[in-house]
Amino acid sequence: MSILTLEKLRKVYLKGDNKVVALDGVDLVIEKGEFLAVVGPSGSGKTTMLNIVGCLDSPTEGRVFYNGSELRAMKEKELSGYRKSHISFIFQSFNLIPVLTVLENVELPLVIERKLKPAEIRRKAVEMIAAVGLEGKENRFPRELSGGQEQRVAIARALVKDPFVVLADEPTANLDSRTAEEIVEIMKRINAERRTTFIFSTHDRLVMGHARRIVTLRDGSIVSDERR
Amino acid sequence: MGTLIRIAFRNVVRHKARTIISALVMTFGIAVFIFFDSALKGMDRITIDTMIDFSSSSVKLRTPGYKADERAFPLDKGVPDADAAADRVESTLRGSRATARGRFIGSLSNWTDEIPVAVTAVDPRRDGSVFPVGGHMASGSWLSASDGAANALVLGSELALELGVKVGDLIVISAQTAWENRNADEFSVVGIVNLPDPLINRGGAFVSRQAADRLLGSAGFATEIDVALPKATALERTLADAADAAASLGKTFPALDADPIGVLAEGYLAMRNMKSKFSSIMIFMVLLIAGVGIANTILMSMYSRIREIGVLRAYGMTPRDIKRLFTFEGLIIGLFGGTCGVALGCALNWFMVEYGVSLDALIGKMDLGEIPLGGTLHGEWSLSTIVFAFAFGIVVAWISASVPARRASKLEVTNALRFV
Chain A
2 MSILTLEKLR
12 KVYLKGDNKV
22 VALDGVDLVI
32 EKGEFLAVVG
42 PSGSGKTTML
52 NIVGCLDSPT
62 EGRVFYNGSE
72 LRAMKEKELS
82 GYRKSHISFI
92 FQSFNLIPVL
102 TVLENVELPL
112 VIERKLKPAE
122 IRRKAVEMIA
132 AVGLEGKENR
142 FPRELSGGQE
152 QRVAIARALV
162 KDPFVVLADE
172 PTANLDSRTA
182 EEIVEIMKRI
192 NAERRTTFIF
202 STHDRLVMGH
212 ARRIVTLRDG
222 SIVSDERR
Chain B
0 MGTLIRIAFR
10 NVVRHKARTI
20 ISALVMTFGI
30 AVFIFFDSAL
40 KGMDRITIDT
50 MIDFSSSSVK
60 LRTPGYKADE
70 RAFPLDKGVP
80 DADAAADRVE
90 STLRGSRATA
100 RGRFIGSLSN
110 WTDEIPVAVT
120 AVDPRRDGSV
130 FPVGGHMASG
140 SWLSASDGAA
150 NALVLGSELA
160 LELGVKVGDL
170 IVISAQTAWE
180 NRNADEFSVV
190 GIVNLPDPLI
200 NRGGAFVSRQ
210 AADRLLGSAG
220 FATEIDVALP
230 KATALERTLA
240 DAADAAASLG
250 KTFPALDADP
260 IGVLAEGYLA
270 MRNMKSKFSS
280 IMIFMVLLIA
290 GVGIANTILM
300 SMYSRIREIG
310 VLRAYGMTPR
320 DIKRLFTFEG
330 LIIGLFGGTC
340 GVALGCALNW
350 FMVEYGVSLD
360 ALIGKMDLGE
370 IPLGGTLHGE
380 WSLSTIVFAF
390 AFGIVVAWIS
400 ASVPARRASK
410 LEVTNALRFV
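Residue numbers (this note's numbering), protein chains in the order written: chain A, 2 to 229; chain B, 0 to 419.
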């Protein structure tokens, strides 16, 4: 069952008088539960594609469908609402909120979503922290954690609201290889257990080795789509 | 909302140095506002009380003719049957005291120098109940009922010094009589007063109305009826009570003009309004500087947290939420600064109310014109001023934070996430 469809996606940026084509006619269908890596050299359009898929940016041309609903028809407020409920992000630099504890960081997406009662939010966050192996660190602040632990918190934060899709932009780029392996293992385990769809951009061969599908971009176009 | 406030609060606490610096300016502004307002109110109070107690009284009744020609001190335009009028005032206004006074120009001579002064003729039996001058004797005693038969004189302290006289010495007073000729007589100095009103100290001379009648050739000489009302605690109440009493007396004495202290002191009150506006501008400037400080703090906070804004937006926070977040930070600084400002202002004010400041030490012999300012200046508590200062500080903080908060809310999510 496809949860995400990209049709003839094109994105053109204006830099001064010059037009920069970041995406040039991308067609892609993503099924629920995929563990998909988007790879390609710098400037190939990976981040632009993730931004559009993540409703953070809009395409210049083309269409994006989530579960059959076209995003283009949505206004900014609706996109924000869609993001709030269905999409999560994992960032290269973790980007945890430094003044919130581990528990509060993980609770944050549910607090923003405003659908659950505080007790239920707390229960889900504690459960998610345990799932990424950080029991006992709920009351620590990000500055008290290692890079790998921070990224685990970021994964817990991304998964706590059961999103349709988790978008990860180079999630292991700031980690050593051992920690990167652990992080990818966690993502894979959760993908297998919960059938959460993961789409991540990466340069890391180790991460690519774990992906079940690798989409390669070059100059804004898909040059290969390899399933394993 | 709770999470926004939590993030805002922790960010404010996290950047202690800049929070404290911004809040300190706010603290200073509000404390100065409370303190100065109290001092100005105290100054108003002391000035108006001094005028009521020693020169103007709460309400003054005079004939329209005398008022029109007041500066010439006419002797033929006084209040007829003044003692009966004073009795009638007391029966009209419950709790009031009234006395008749007459004023004339006399020359005081010590046989060497001659100084022209406005001599005040008083009724020794009643005057003390309206003007508590007798409680401020530097030496000797105030006029007594028995002094009516004799030519007794009480002088202001500086005037006595200028004439080089002391209690027991003789002074010659000469004046134009009611019959248009001049008369002179010897008066014995029975007392020297030192009042909070420097004008009286410099030029006050008091004789009994009986003695004035003998000197001026008049009968029952009185140019005004002075009325004392029960003391009110607040200045505004004092002014309002006097205005009500004057309105009532105006109806009882249609042939006389009844002027309340608000009219008698209108020159000072006009200056007080100007003074109040000036101090408001000054405080506004201080709080404006505090506002700029807060705006700068929030702006710095925003620039150091652009990626954080990107994350919050990516997770579904609306631009409105982001604006609220930074506005809360400004408000927390404002609340902190405002609370400290109120605490500091109240502490300074407590000292001012309890112990006061000696005006004589503060302004020395500075000539303040016709403003009777002297003695110890005590501050006044004003809940409305404290509430206003606090609320104004919060509004300034809110407005100051709104501008950078709006800027933060308008950041593009993708740009914010890329920001390094």
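Yeah, the Cβ is synthetic: ideal placement off N, Cα and C, and Gly gets one too.
What you are looking at is a predicted structure, and each value in this text was computed from that prediction instead of being measured.
For residue 302/B, there are no C-beta contacts with chain A under 7 angstroms, since the nearest C-beta of that chain is about 15 angstroms from it. What residue 58/A touches in chain B, judged by beta-carbon distance under 7 angstroms, is 413, going in chain order.
Taking a C-beta distance under 8 angstroms as the contact criterion, residue 74/B and residue 233/B do not qualify as a contact pair. Contact between residue 229/A and residue 214/A holds, with the beta-carbon distance rounding to 7 angstroms and staying under 8 angstroms. The residue from 140/A, 135/A, 108/A and 164/A with its alpha-carbon nearest to that of residue 152/A is 135/A. Looking only at 354/B, 277/B, 355/B and 291/B, the smallest Cα-Cα distance to residue 399/B is reached by 291/B. Along the stretch 3 to 18 of chain A, there is no position whose C-beta sits under 9 angstroms from a C-beta of chain B.
The beta carbon of residue 13/B falls within 8 angstroms of a beta carbon belonging to chain A, placing the residue at that interface.
With respect to chain A, the C-beta atom of residue 299/B has no partner C-beta closer than 8 angstroms. In this structure, the beta-carbon distance from residue 143/A to residue 97/A falls below 8 angstroms. At a C-beta separation below 9 angstroms, residue 24/A has no neighbours in chain B, since its nearest C-beta there lies roughly 14 angstroms away. Identification of residues in the stretch 313 to 339 of chain B having a C-beta nearer than 9 angstroms to some C-beta of chain A yields 313, 314, 315, 316, 317, 318 and 320, given in sequence order. Just measuring C-alpha positions, the residue of 321/B, 349/B and 384/B sitting nearest residue 415/B is 321/B.
The Cβ atoms of residue 102/A and residue 148/A lie no closer than 8 angstroms to each other. One thing to note: residue 25/B has its Cβ within 8 angstroms of the Cβ of residue 333/B.
Distance from the CA atom of residue 253/B to the CA atom of residue 281/B, rounded to whole angstroms, is 46 angstroms.
Within the same chain, and ignoring the five residues on either side of residue 209/A in sequence, the residues whose Cβ sits closer than 8 angstroms to its Cβ are 38, 40, 203 and 215. Note on residue 141/B: 16 or more other CB atoms within 10 angstroms of its CB, so buried under the neighbour-count rule.
For residue 203/B, no beta strand (DSSP E) run applies, since DSSP gives it neither H nor E. The alpha-carbon separation between residue 175/B and residue 62/B amounts to approximately 21 angstroms. If only uninterrupted beta strand (DSSP E) runs of at least 3 residues are considered, those enclosed by the stretch 145 to 201 of chain B are 151 to 155, 169 to 175 and 181 to 192.
At a cut-off of 8 angstroms, the C-beta of residue 85/A has a neighbouring C-beta in chain B. Residue 89/B sits in a helix when the DSSP states are folded into three classes.
Here the alpha carbons of residue 388/B and residue 100/B stand approximately 45 angstroms from one another. A contact between stretches requires three or more CB pairs, one per stretch, nearer than 8 angstroms, and the stretch 149 to 158 of chain B meets this requirement with the stretch 186 to 195 of chain B. Listed as beta-bridge partners of residue 101/B by DSSP are 120/B. Of all residues in the stretch 99 to 112 of chain A, those with a C-beta nearer than 9 angstroms to a C-beta of chain B are 99, 100, 101, 105, 108, 109, 110 and 112, reading in chain order.
When secondary structure is reduced to three states using DSSP, residue 14/A falls in the strand class.
Taken in chain order, the complete alpha helix (DSSP H) segments of 4 residues or longer contained in the stretch 3 to 57 of chain A are 47 to 54.
What residue 308/B touches in chain A, judged by beta-carbon distance under 9 angstroms, is nothing: the nearest beta carbon there is about 10 angstroms away.
One Cα belongs to residue 117/B, the other to residue 212/B, and the distance between them is close to 15 angstroms.
The C-alpha of residue 247/B lies about 31 angstroms from the C-alpha of residue 206/B. Contact of residue 6/B with chain A by beta-carbon distance below 8 angstroms involves 98, 100 and 101. Using a C-beta cut-off of 8 angstroms, the stretch 264 to 278 of chain B makes no contact with the stretch 375 to 390 of chain B, since fewer than three inter-stretch Cβ pairs fall below that distance. Check the Cα spacing between residue 310/B and each of 32/A, 19/A, 113/A and 23/A: the tightest is with 113/A. Taking the C-beta atoms as reference points, residue 97/B is found nearer than 8 angstroms to residue 224/B.
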